[in-house]
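Novice:
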Amino acid sequence: MTGRNRDLGRTARTLAAFVVAAVSVGLLAAGLWVPAVAALGGLSNAGSDAFLALPSTFTMGRLAQGSRILAADGSVIATPQDEDRVIVRLSQVAPVMRTAQVAIEDSRFYDHGAIDPQGLTRAVVEDLRSGQATEGASTLTQQFVKLSLQAQALSGGRTAAARAAVAKTIPRKLADLRYAVALERSWSKDEILQGYLNIAYYGDGAYGVEAAARHYFGVHAAALTLPEAATLAGLVQSPSSTDPVHHPKAAQARRDVVLARMKALDEVTPAQYAAAVRRPLARDLHVTRLPATCGSSPDPYFCSFVIAWLEQQPALGPTREARRDLLFQGGLTIRTTLDPSVQGVVDASLREVAPERNPLGVAAAAFVTEPGSGAVLGLGQDTAYGSGAGATEVDYAVDRDFGGSGGFQFGSTAKAFALVTAMKQGLGTQASVNAPAADNRHPATFSAKEFPQPCGLGSPWSVYNDEPWKGGPMSLRQATAQSTNTAFVALASRIGVCAIHSTMVDFGIHGGDGQPLGTYPPQVVLGAQPVSPETMAEAYAGLADHGTLCDVHPVTSVVQGSRTLWAPPPACRQVADPHAVDQATQYLEYNMTHGSGILNQLTGRPSAGKTGTSDGNAQSWFVGYTPQLATAVWVGNPLNPTRRMFDVSMAGKTCASMTGACYAAPIWRRIMDGVLSGEPVEPMP
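Per this note's numbering, residue 11 is the first one in the sequence shown, and the count goes up by one each step.
#1: Beta-carbon separation of T641 and R615 under 9 Å?
#2: Using 8 Å as the cut-off, can you tell me whether the segment 280–293 makes contact with the segment 72–89, which would need three or more C-beta pairs spanning the two stretches below that distance?
#3: According to DSSP, is Q111 part of a helix, a strand, or is it coil?
#4: If you run the structure through DSSP and keep just helix, strand and coil, what is R72?
#5: How many Å lie between V47 and V96 at the Cα?
#6: Pick helix, strand or coil for C560, following the three-state DSSP scheme.
#7: For the structure I just gave you, are there three or more beta carbon pairs, one from the segment 268–283 and one from the segment 230–248, closer than 8 Å?
#8: So which of A428, Y217, Q153 has the shortest CA-CA distance to G341?
#9: Assuming R487 is part of the alpha helix (DSSP H), what are its boundary residues?
#10: In the DSSP assignment, what are the bridge partners of Q463?
#11: So, with DSSP's three-state summary, where would you put W631?
#12: So which of A113, I317, T235 has the shortest CA-CA distance to R78?
#13: Closest to G670 by C-alpha separation, out of L159, Q419, L559, N208, would be which residue?
#14: Roughly how many whole angstroms lie between the Cα atoms of T347 and A88?
#15: Applying the criterion that 16 or more other CB atoms from any shown protein chain within 10 Å of the CB defines a buried residue, is Y550 buried or exposed?
#16: In or out: P483 buried (at least 16 other Cβ within 10 Å) or exposed?
#17: When DSSP labels each residue in this structure, what does H225 get in the three-state scheme?
#18: For Y217, which residues does DSSP report across the bridge?
#19: Taking buried to mean at least 16 other C-beta atoms within 10 Å of its own C-beta, is A666 buried or exposed?
#20: Can you tell me whether D683 is helix, strand or coil according to DSSP?
#21: For the alpha helix (DSSP H) containing A502, name the first residue and the last one.
#22: Nearest-angstrom Cα distance between A628 and L649?
#23: When you compare each of P464, C304, Q323, A332 to S397 by their alpha carbons, which one comes out closest?
#24: Should R330 be counted as a contact of the ligand FMN given a C-beta to heavy atom distance under 8 Å?
#25: Per DSSP, T455 forms a beta bridge with which residues?
#26: Can you tell which of T574, P543, A581 has the C-alpha that lies nearest to the C-alpha of T700?
#27: Compare the beta carbon distance of L553 and V541 with 9 Å and say whether it is the shorter of the two.
#28: I need the straight-line Cα distance from L80 to P308, nearest angstrom please.
#29: Apart from the five residues just before and just after P651, which ones in its own chain have a Cβ nearer than 7 Å to its Cβ?
#30: Mind checking which residues open and close the beta strand (DSSP E) that includes T431?
#31: How should Y120 be labelled, buried or exposed, when 16 other C-beta atoms within 10 angstroms of its C-beta is the threshold for buried?
#32: Determine the direct distance from the alpha carbon of A260 to that of G646, and round the result to whole angstroms.
#33: Output needed for P531: all residues of its chain with C-beta closer than 7 Å, excluding positions within five of it in sequence on either side, in chain order.
#34: Alpha carbons only, please: which of E477, K459, F427 is nearest the one belonging to A445?
#35: Three or more C-beta pairs under 8 Å: does that hold for the segment 367–380 against the segment 289–297?
#36: Measuring alpha carbon to alpha carbon, tell me which of L236, T109, T494, D83 ends up nearest D294.
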């Protein structure tokens, strides 16, 4: 006898012994098959021993189900998922759906044990004849076991095991039988049916009956009608070829098969059957697709920021991979800080001033946060989200760790922290500084001796002014309003670059690539290091709240079922003397009424802010605040960050050079005015 024939003979004896035991003793209806097999002699002994040797411990793993990311008003931002599934209790499934599924898959489900003796006897005869497990007759319990084993293998990345779990082989069927018997001993029939309805695949990306009901019909599983329930019940046999979206005729034909089976079982009346088969499937279909990915989200850049941010939170798992699995498989409800009305203002303001796909390749991004809490109310940019022409998935508003580009030189927005440092050292609001003469062609040169290590130059530094200055004493108010570089470099030499650097680090400023802020004077004094709008909005929000810095955060809670996994409290700390910060705010408020912000003052309320422009006018900024709101806006060329930008024309406006006052400040004003409209006017310090 060949090895294959010996294996087949051994398998045949096992199956035959099991079937003989099941049918002759009749104990399978209660799932008590072991005494029946053990009681048989002769033919059954070898088979029962082999069957009993199979694994019998069945542990149901956690089913993957999609999560929901919600805005502050409860609207859906996205549903990140590996599988579109929403787990429900059996009581949350319409009785007609339960009846339809049982009718078409295992009509004697509530009458037999783990194995249906009638169906199994017929299947064994065919399997022994063919040498393969080709015949059906799997009970609903066995199907549930098979699908569960497949799901567990897939969730663990074991693709070979997943294929083996559904392979048409006699050993696989034997294992399913053994597990099914064990399962029926510990689970009730209703629990098994509930598990089956949650795990079954219903086609077109819908896993489980609740997701399928929402997807195809726009209703919860509890509200399914007879024709809808019959449609879903029929899908599980061949979901890829009968789903109503891509194969409506096949879906309706299969629905009618289910209805006929329900009629034959007296589960529906002839009148109900006739009415259901007459109803066109198209009348019931209301296909709904939730934004499963950020690309289909109404707020794609915020969506990608939230996901990247959550993947870095240790409270959600020991590794980034574990956190991602929880996010995409854990059925979480993630409530965020996003205010859709704020987001709408951000999107409109960006596109009004810096239209998408402009010929200059200029992009714009904004980040809006709430002083005192760090809540991210909105963020966005003027590009389409994606990979097509003119589109990008890079989020210019945030750090590289959260999907950003690595940031952009932030220019004179850095000067706010030289002001804070000067006020901390007691210079006061009437201070002045001796500023060397310079213009945009003739620089002032500062020596290395004026900037000793460890925050030194190492070589002479040529500093230009955008507006000419003849040299001599200059009030710090005027220096701020005119953004006179030589005045602030002289101030830095006086109060210490290291002291300014320390203040900036205290306010959370770091490189957009995640690296610490450098100590080289051009980086510290004139913002020559790339940073993100996220970082600048957070830092200026700290100025708005009198030196209390709050880490920006986009999430208020992460809930799984009824359990709150994480509700991050605001992470705030006092990083500078409130009086010194408020004095610096007075300088920045003066800038709004007498300096680079004069043309972009807010409507009917005071504010503080500062422009920023990099060398060659390649990158431009405006960052500003009121007590209630802080916003950072960047405008520049992200693909060529050193390209000099002169004679720039966008949206009907031409600027001799792309300074912060030209495009970034008008975007900032539109956002701030739009968001604060109707809010109380709060005084500045």
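All residues carry an ideal CB built from backbone N, CA and C; glycine is no exception.
Specialist: Answer, in terms of the structure:
#1: The Cβ-Cβ distance between T641 and R615 does not fall below 9 Å.
#2: Segment contact: the segment 280–293 against the segment 72–89, fewer than three CB-CB distances shorter than 8 Å; contact not assigned.
#3: Three-state result, Q111: helix.
#4: Of the three classes helix, strand and coil, the one that applies to R72 here is coil, per DSSP.
#5: Here the model assigns V47 a pLDDT of 39, short of 50, so the residue's position is not dependable and the matter cannot be decided.
#6: Per DSSP, reduced to three states, the secondary structure at C560 is strand.
#7: In short, these stretches touch, since the Cβ pair count reaches three.
#8: When only C-alpha atoms are compared, the closest one is Y217.
#9: Judged by DSSP secondary structure, R487 falls within the alpha helix (DSSP H) whose first and last residues are 486–492.
#10: Bridge pairing for Q463: absent [DSSP].
#11: Three-state result, W631: strand.
#12: Of A113, I317, T235, the residue nearest in Cα terms is I317.
#13: That would be Q419, whose Cα lies nearest to the Cα of G670.
#14: Looking at the two C-alpha atoms, the distance is approximately 14 Å.
#15: Buried is the label assigned to Y550, since at least 16 other Cβ atoms lie within 10 Å of its Cβ.
#16: So P483 ends up on the exposed side.
#17: In this structure, H225 counts as helix in the three-state DSSP scheme.
#18: In DSSP, Y217 forms a bridge with R95, Y211.
#19: With fewer than 16 Cβ atoms within 10 Å of its Cβ, A666 is classed as exposed.
#20: Note: D683 maps to helix in three-state DSSP.
#21: Annotation for A502: the continuous alpha helix (DSSP H) segment containing it runs 495–505.
#22: Those two C-alpha atoms are separated by around 11 Å.
#23: Looking at the Cα atoms, C304 is the closest of the given residues.
#24: Within the structure as shown, the ligand FMN is missing, as the structure has no ligands at all.
#25: T455 is bridged by DSSP to S472.
#26: In the structure as shown, the chain begins at 11 and stops at 695. Residue 700 is therefore absent and cannot be evaluated.
#27: No. Outside cutoff.
#28: Just so you know, the alpha carbons of L80 and P308 end up roughly 11 Å apart.
#29: Close CB contacts of P651 within its chain, under the 7 Å cut and outside five residues either way in sequence, are with F418, A628, Q629 (chain order).
#30: Judged by DSSP secondary structure, T431 falls outside any beta strand (DSSP E) and instead within the alpha helix (DSSP H) spanning 425–434.
#31: Per the 10 Å Cβ criterion, exposed.
#32: Put simply, the backbone Cα of G646 is about 54 Å away from that of A260.
#33: Taking P531 as the centre and dropping the five residues before and after it, the same chain places the C-beta of F461, C465, L467, W471, A502, V507 closer than 7 Å to its C-beta, in chain order.
#34: For the residues E477, K459, F427, the minimum Cα distance to A445 belongs to E477.
#35: At 8 Å Cβ cutoff, the stretches do not touch.
#36: Closest option to D294, Cα to Cα, is L236.
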